[in-house]
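Asks:
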Amino acid sequence: MAERYDHASIEAKWQSRWEKGRAAFVDTAEPGDKFYMLNMFPYPSGSRLHVGHGRNYILGDALYRFERMKGRRVLNPMGWDAFGLPAENAAIASGTPPREYTLANIARMKEQLRSLGLLYDWSKELASCDPDYYRWNQWLFLRMWERGLAYRKQAPVNWCPGCRTVLANEQVVDGRCERSGDAVELRDLTQWFLRITHYADRLLAGLDELPHWSDRVKTMQRNWIGRSRGAEIEFRVEGFEEPVTVFTTRPDTLFGATFLALAPEHPAAQEIVRRAGPDSAAARFVERVRRESRLERESETGEKKGLDTGVWALHPGSGERIPIWLANFVLPEYGTGAIMGVPAHDLRDFEFARKYRLPVRPVYRGPEGDVDPETMTGPTPQGGVLVRSGDWDGTPEGEAAIARAIAWVEAKGVGRGKVGYRLRDWLISRQRYWGTPIPAIHCEKDGVVPVPDRDLPVLLPRDVAFRGVEGNPLARSESFVNVECPVCGGPARRETDTMDTFVDSSWYYLRFLAPGDSKRMVDSSRAHAWMPVDQYIGGIEHAILHLLYARFICRVLKDLGLVELEEPFERLFNQGMITRLNPSTGKIEKMSKSRGNTVSPDELIARFGADTVRVYTLFIGPPEKESEWSEEGVLGASRFLNRVHEVASRAAELPRGGDGGKREASDLDRLTHRTIRRVTEDAERFHFHTAVAALMEFQRGIADALDGEETPEAIRAAVQTLLKLLQPVAPHLTEEWWERLGGGKSLLETSWPAYDPALATTARVTLVVQINGRVRGRLDLERGAAEAEAVALARADEKIRPWVEGKQIARAVYVPDRLLNLVVQ
RNA sequence: GCGAGAGUGGCGGAACUGGCAGACGCGCGGGACUUAGGAUCCCGUGGGGAAACCCUUGAGGGUUCGAGUCCCUCCUCUCGCACCA
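Residues 16 to 840, numbered by the numbering used here, are exactly what the first sequence covers, in order.
1. What's the call for residue 431, buried or exposed, on a 16-neighbour Cβ count within 10 Å?
2. State yes or no: is the C-beta of residue 587 within less than 8 Å of the C-beta of residue 172?
3. Given a cut-off of 8 Å, decide if residue 733 and residue 687 are closer than it, judged by their beta-carbon atoms.
4. Suppose you measure from the CA of residue 503 to the CA of residue 465; what does that come to, to the nearest Å?
5. Quick one, which of 425, 650, 418 and 412 has its alpha-carbon nearest residue 248's?
6. Are the Cβ atoms of residue 268 and residue 378 separated by less than 8 Å?
7. Please report the distance separating the alpha-carbon of residue 773 from that of residue 729.
8. Measure the Cβ-Cβ separation of residue 29 and residue 93 and say whether it is below 8 Å.
9. Would you mind working out which of 615, 685, 738 and 782 sits nearest residue 70, comparing C-alpha positions?
10. Reducing DSSP to helix, strand and coil, say where residue 120 ends up.
11. Look at residue 768 and residue 77 and say whether their C-beta atoms are less than 8 Å apart.
12. What first and last residue would you give for the beta strand (DSSP E) that runs through residue 9?
13. Does the distance from the C-beta atom of residue 246 to that of residue 353 stay below 8 Å?
14. How big is the Cα-Cα spacing for residue 441 and residue 513?
15. Between residue 413 and residue 400, which are expected to be in contact by the criterion C-beta below 8 Å, what is the C-beta distance as a whole number of angstroms?
16. Using DSSP with H/G/I as helix, E/B as strand and the rest coil, what is residue 595?
17. DSSP state of residue 773, grouped into three classes?
18. Would you grab the beta carbon distance between residue 146 and residue 474 for me? Rounded to a whole angstrom, and I think it's under 8 Å.
19. Tell me the residue span of the beta strand (DSSP E) that contains residue 183.
20. Within 10 angstroms of its Cβ, does residue 781 collect 16 or more other Cβ (buried), or is it exposed?
21. Put residue 49 into one of helix, strand or coil per three-state DSSP.
22. In chain order, which continuous runs of the beta strand (DSSP E) of length 3 or greater are located wholly inside the segment 794–831?
23. For a minimum of 4 consecutive residues, which ranges assigned as the alpha helix (DSSP H) are wholly contained in the segment 411–492?
24. Let me know if residue 153 comes out buried or exposed under the rule of 16 or more other beta-carbons within 10 Å of its beta-carbon.
25. Quick one: what does DSSP say residue 279 is sitting in, helix, strand or coil?
26. Going by alpha carbons, who is nearest to residue 498 out of 470, 480 and 520?
27. Where residue 721 and residue 115 are concerned, what is the direct C-alpha to C-alpha distance, given to the nearest angstrom?
28. Near residue 632, which residues of its chain fall below 7 Å by C-beta distance, leaving aside the five closest residues on each side in sequence?
29. Spatial neighbours of residue 539 within its chain, please: C-beta separation below 7 Å, excluding the five flanking residues on both sides.
30. Just curious, the alpha helix (DSSP H) that residue 553 is in, first and last residue?
31. Take every Cβ of the segment 350–366, pair it with every Cβ of the segment 270–285, and state whether three or more of those distances are shorter than 8 Å.
32. So, does the segment 433–450 touch the segment 196–214, judging by three or more C-beta pairs under 8 Å?
33. What's the C-alpha gap between residue 314 and residue 703?
34. Enumerate, from N- to C-terminal direction, the unbroken beta strand (DSSP E) stretches of 3 or more residues contained entirely within the segment 556–591.
35. Going straight from the alpha carbon of residue 834 to that of residue 697, what length do you get?
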């Protein structure tokens, strides 16, 4: 029988050919051609590619190969998102400097990508830890600083007192440091922010210009930006000069306010503590809340804690006195850090009021009548008219009531309408080594001054020790920290905060277009030719942060005159995550290094071959949905490729001869055309899993034909079509057989097969016959049969007759070629 | 807690806009063949029933000639998160 399918040698042969012939296969796109990109670019700190990422890369490659055969030239670059916490953690654990660790991982992951037969364009390769890359982060930062888009302010961080280090949220487990187990504190640091809130409206408006983004992601972004119209309202405070200003999105419920609640960080709260003295209940409460970690304060299980200050505010409408409380659930960075409590119409306020026995005062009367404040079990449902609200009484709930309330507070001079955003400015400071140094210098005399452009890049120093260190290692590098002030020339200290790695990934798409340009951040003319990215493929986990930051930075670059567009990504395809049982938590979670539930493809490639891994990975499910990893089905993919090998080698042994000229379309021809249509349509929406299913049926059809009456020419043609259609998914095996069958040049340089619509459909159809919506029989009909004919045939059909005999047909619903539903009485 | 998705056989999944539920694959059962392999091929495989038929897409309601698909309520899981007042 035929020779065995030796995947290892076939794959080695083709991978080496693609490597040598790279120029012909991948580096062919010219300015103005299609631009596809994967997001994220590989994160080498994870040290090994795992199948969770592997699906993204394989899908991107299959898509590239499909597009190539369809005659489209595509730029598909690849680079490395190289900064980040894991490399620094590895350095602390093993002493290997993050740079060495990262470069070794890049080399290894590149080899893994190669072993999957992926054709990415490495001529545009970049790594964000390369000074040629991160210097432009610094350059952009300086431009933003000049324009007031970068600034410093205080913000709380997670502080581990044991490690004397700032922790990422990920490092905080149940309010404790995951390494030392110490209780995590909130600590205020002065940190750098980017003013994304200035772009909130533009980012919101831009979503309407993205028809090829899913509603899912657009909705998430809209909600994240969270534009809301509301009002700031001032409450005078007995015994205090300054009023307390609250922000509310529901000024219409003003008369339902029965208390004010302040964040312990609020200036008025601080003043109250000062007056009460250091041993007062207020001082102790503030101290206790400040010791609570952010997580505790924000967690769902976190108890709402409050303290009556004994200070009274005056209600601006009724003039009544209402108590001022301190509350842990009011956060200083939201709104004004103070709220008016309206228990009757807000769940959180209701819970707080119930716990501390504060009055509840409904100001909306529902259609069922008024509500008894004593017996309420929660905030009143929506839809009513205002009551107990002075002049406002009778106004129905909604925009009109809010507008009326705003007009009223403005007229009285106690407040103003205000548009609020949920979005907050982007905190980019990280107290870590392995990131882009923020180009600022602290001088005693001149304050915080920017590093001059001529001194860029500010390089990460190499003389840094990592083992057993506390705090930010960068801050202990003397060579780095000690610097001359660029203004006065005196001694000064460098900023030791580095940037969030999301800064790197916010503009890398532009750098791919001119990766080595040492003069400019962005080559504007190339950007003009290539942008926007035609197809961006990325995991759904980036639906909000990364994509919002990239859209923000693109607008900044537009305002700087570097690019002409606001939206960097024309089409967005969001991949679902690969999930897997996490043995330590017992839950099904996304596959990721930090969760410790990864699977490396290496072993599978060694056992079954790269093509099998590719087929299986794409076959596992629809790419936009999350899929749970299991290896049970990998044998099926392996068997399928063995059978493809089998039919191809049998076809190769068929006698050659002149084509018999024109012949009648055979069943195999019809199957061929039907398969081309299915695979083409599936590939266009990235559904390679159903494309593979169609190809499995096609393979079986060809195998049957080999035992049947088909001519050798017909069979050979079918096999060649099978190879073409399978190429994006299993490139090695298909290229090999294409060559052996004498196909000539590479499959990649051939064209995607076209189908004849007439042949892609069957001549006869099965019409389902329903009686009162239940399937009672099937008819075999000519395609396109008329309703009258179908009804007549149905009535005559012996399975249908008993159901309609002696009955009136009240109605017939006919869907041609599909279904006939007879409604009888 | 908030925002967004998802839930279909023993398992992964199919069914683009409402129209034969379960394609394709895994697993399992039976058979064939053998140079005994993780091989290959054939048949069967949602549940109940002898059959006619009946039941079945997380649960419960609704719209419709017809619902996995649309609407309402609830449950569970996943992703994101900065308790946004």
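Ideal Cβ placement from N, Cα and C applies to all residues, glycine included.
Replies: In terms of the structure at hand:
1. Position 416 of the first sequence holds residue 431. The residue is exposed, with fewer than 16 neighbouring Cβ atoms inside 10 Å.
2. Residue numbering aside, residue 587 sits at position 572 when the first sequence is read from its first letter. Residue numbering aside, residue 172 sits at position 157 when the first sequence is read from its first letter. It is not a contact, given that the beta carbons lie outside the stated cut-off.
3. Here residue 687 refers to the residue found at position 672 of the first sequence. Here residue 733 refers to the residue found at position 718 of the first sequence. Yes, the pair counts as a contact, with Cβ atoms nearer than the cut-off.
4. In the first sequence, residue 503 corresponds to position 488, counting from 1. In the first sequence, residue 465 corresponds to position 450, counting from 1. So the alpha carbons of these two residues sit roughly 13 Å apart.
5. Position 233 of the first sequence, counting from 1, holds the residue named residue 248. Ranked by Cα distance from residue 248, the first of 425, 650, 418 and 412 is 425.
6. Position 253 of the first sequence holds residue 268. Position 363 of the first sequence holds residue 378. Yes, the Cβ-Cβ distance between residue 268 and residue 378 is below 8 Å.
7. By 1-based counting over the first sequence, the position of residue 773 is 758. By 1-based counting over the first sequence, the position of residue 729 is 714. One C-alpha to the other measures close to 18 Å.
8. In the first sequence, counting from the first residue as 1, residue 29 sits at position 14. In the first sequence, counting from the first residue as 1, residue 93 sits at position 78. No, these two residues do not count as a Cβ contact at 8 Å.
9. In the first sequence, the residue the question calls residue 70 occupies position 55. Ranking the options by Cα distance to residue 70, first place goes to 615.
10. Taking the first residue of the first sequence as 1, we reach residue 120 at position 105. In the structure shown, residue 120 sits in a helix (DSSP, three-state: H, G or I).
11. Locating residue 768 in the first sequence gives position 753, counting from the first residue. Locating residue 77 in the first sequence gives position 62, counting from the first residue. Cβ distance not < 8 Å, so residue 768 and residue 77 don't count as in contact.
12. Any answer about residue 9 is impossible in this case: the structure gives the chain only from 16 up to 840.
13. As a first step, residue 246 must be located in the first sequence, where it is residue number 231. As a first step, residue 353 must be located in the first sequence, where it is residue number 338. Not a contact, by the Cβ cut-off of 8 Å.
14. Looking up residue 441 in the first sequence gives position 426. Looking up residue 513 in the first sequence gives position 498. Using only the alpha carbons, I get a separation of about 14 Å.
15. Taking the first residue of the first sequence as 1, we reach residue 413 at position 398. Taking the first residue of the first sequence as 1, we reach residue 400 at position 385. Actually they do not touch by this definition, with Cβ atoms about 10 Å apart.
16. Stepping through the first sequence from its first residue, residue 595 is reached at position 580. Shown here, residue 595 sits in a strand according to DSSP, grouped into three states.
17. Your numbering for residue 773 matches position 758 in the first sequence. Here residue 773 sits in coil by DSSP.
18. Working through the first sequence from its first residue, we reach residue 146 at position 131. Working through the first sequence from its first residue, we reach residue 474 at position 459. Residue 146 to residue 474, Cβ: 6 Å. Contact.
19. By 1-based counting over the first sequence, the position of residue 183 is 168. Neither: residue 183 is in no beta strand (DSSP E) and is coded neither H nor E.
20. Counting from 1 along the first sequence, the entry for residue 781 is found at position 766. Result: exposed.
21. Locating residue 49 in the first sequence gives position 34, counting from the first residue. DSSP places residue 49 in strand when its eight states are reduced to three.
22. 824–830
23. 414–427
24. Here residue 153 corresponds to residue number 138 of the first sequence, with the count starting at 1. With 16 or more Cβ atoms within 10 Å of its Cβ, residue 153 is classed as buried.
25. In the first sequence, counting from the first residue as 1, residue 279 sits at position 264. Here residue 279 sits in coil by DSSP.
26. As a first step, residue 498 is located in the first sequence; it is residue number 483 there, counting from the start. Comparing Cα positions, the closest option is 470.
27. Along the first sequence, read from residue 1 onward, the residue named residue 721 stands at position 706. Along the first sequence, read from residue 1 onward, the residue named residue 115 stands at position 100. Approximately 56 Å, taken between the alpha carbons.
28. The count along the first sequence starts at 1 and reaches residue 632 at position 617. Correct list, in chain order: 66, 69, 70 and 73.
29. Counting from 1 along the first sequence, the entry for residue 539 is found at position 524. Excluding positions up to five away in sequence, the list reads 577 and 578.
30. Your numbering for residue 553 matches position 538 in the first sequence. Segment 550–554 is the beta strand (DSSP E) holding residue 553; no alpha helix (DSSP H) there.
31. yes
32. yes
33. By 1-based counting over the first sequence, the position of residue 314 is 299. By 1-based counting over the first sequence, the position of residue 703 is 688. Because the pLDDT of residue 314 is 46, which lies under 50, any placement of that residue in the model is unreliable, and the question is left without a value.
34. 587–590
35. Here residue 834 is taken as the residue at index 819 of the first sequence, counted from 1. Here residue 697 is taken as the residue at index 682 of the first sequence, counted from 1. Roughly 25 Å between the two C-alpha positions.
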